[in-house]
Amino acid sequence: MNARRFGDRRPRRLIRSGLVLLAAGVVLAGCAQSTQTPAQSTQTPAQSTQTPTQSTQTPAQSTQTPAQSTEKAARSTKHVNLGDSFSAGTGVSPLEADSPIYCQRSSKNYAHVVAEDEDYDLTDVSCAGADTGDFREAQHQGVPPQLDALDDNTDVVTLMIGGNDKQTYGRAIRLCSELADVDRSGAPCTDRYGSSLIDPVAADIYPAVRQALRDVRDRAPDARVLLVGYPWLLPPTVGCYPEMRLAEGDVPMIRELQTALNTYGRRAAEDEGVEFVDMSQVSEGHDACAGDRRWIEPMTTSGPGAVHPNEQGQAAIAEQVRKALAG
């Protein structure tokens, strides 16, 4: 993989809207966009199990001839954004001009922010509800797979993926919130489901993310690929019912689930020689319970933005991606 830095280049800017993708369904989503203004946080950051943002990319031999390299240097940096609703910026207004309503692709998602700041030529095909299978197959009939946006001329690929595989986030939040309605102080979800909501991360999601990253590198062999981790949804131990409709004793289990997703995401990135952008440390204290410091909208937010990064969250993700690109 060609590990050149693109942050120093300043070609002309052209933000291209993405391929028209497909259908709805997100980690937790409704139909309208969020315009919530966060309130004050009282959360105390806890120790993260992950290390700060770092590159795990292993440079590989370039497949380009000298003539191809010269031509590539003369054009705009081609940036492709892939992934799910966190990558699409679901719930953040306004939508990208030609985003399918079910993809909920925001013109202020982190990829758009990075592309505008770096003067990249952006193709954004991220879509709400996407999982790793939608990289290779159409999320809906007649809509191209996300990998079709990549080619030999792609310079930068960003993506957030894995949270929808096996309905990981959505199923856990739904099941646990249903039980919280009858037992707010205990741990009814943990008691009933044990580790069964977390076990699929290692068994199924980790190999699926590895394969998705391998496919990205095959389609864009000279691109710099950055897998972005998920920012914290909840504090380590203490929740905020009803903003996040979870029993107090189940909050640590949901954190453990998210820790597993990010840990195995990092491992998949390392295994496939791409970079992992860690959001765990910088997002500590900016979860859905953090009031006006929150980067994640709570469940009480109306529309598809609930339990998704808000505009401040997308800007924070963009900042970490820019730092990784400059590193």
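All the letters of the sequence shown, read from the start, carry residue numbers -29 to -1, 1 to 298 under mature numbering (1 follows the signal peptide of the UniProt record, and there is no 0).
For each residue, glycine too, the CB sits at the ideal point set by N, CA and C.
If you're wondering where the values come from, they're calculated on a predicted model, not measured in any experiment.
| said: Between M270, R238 and Y177, which has its C-alpha nearest Y212's C-alpha? | reply: The residue with the shortest Cα to Cα distance from Y212 is M270.
| message | I need the straight-line Cα distance from A297 to E89, nearest angstrom please. | response | Those two C-alpha atoms are separated by around 11 Å.
| message | Mapping the DSSP letters down to three states, classify L205 as helix, strand or coil. | response | coil
| task | Hey, could you find the ends of the beta strand (DSSP E) T94 is sitting in? | result | D92 to D95
| request: From the DSSP output, in three-state form, read off M131 for me. | output: In this structure, M131 counts as strand in the three-state DSSP scheme.
| said: Suppose you measure from the CA of A286 to the CA of A82; what does that come to, to the nearest Å? | reply: 9 Å
| message | Measuring alpha carbon to alpha carbon, tell me which residue in E243, D152, A143 and R190 is nearest V278. | response | A143
| query | According to the Cβ coordinates, are W266 and P223 closer than 9 Å? | reply | no
| Secondary structure of G100, DSSP reduced to three states | coil
| field | When S156, L232 and C147 are compared against V180, the one with the closest alpha-carbon | value | L232
| query | Are the beta-carbon atoms of L130 and L53 separated by less than 9 Å? | reply | yes
| Straight-line CA distance for P280 to E255? | 13 Å
| task | Give the secondary structure of R195 by DSSP, where H, G and I count as helix, E and B as strand, and everything else as coil. | result | strand
| task | Please determine if the stretch 214 to 223 and the stretch 154 to 166 are in contact, where contact requires at least 3 C-beta pairs separated by less than 8 Å. | result | yes
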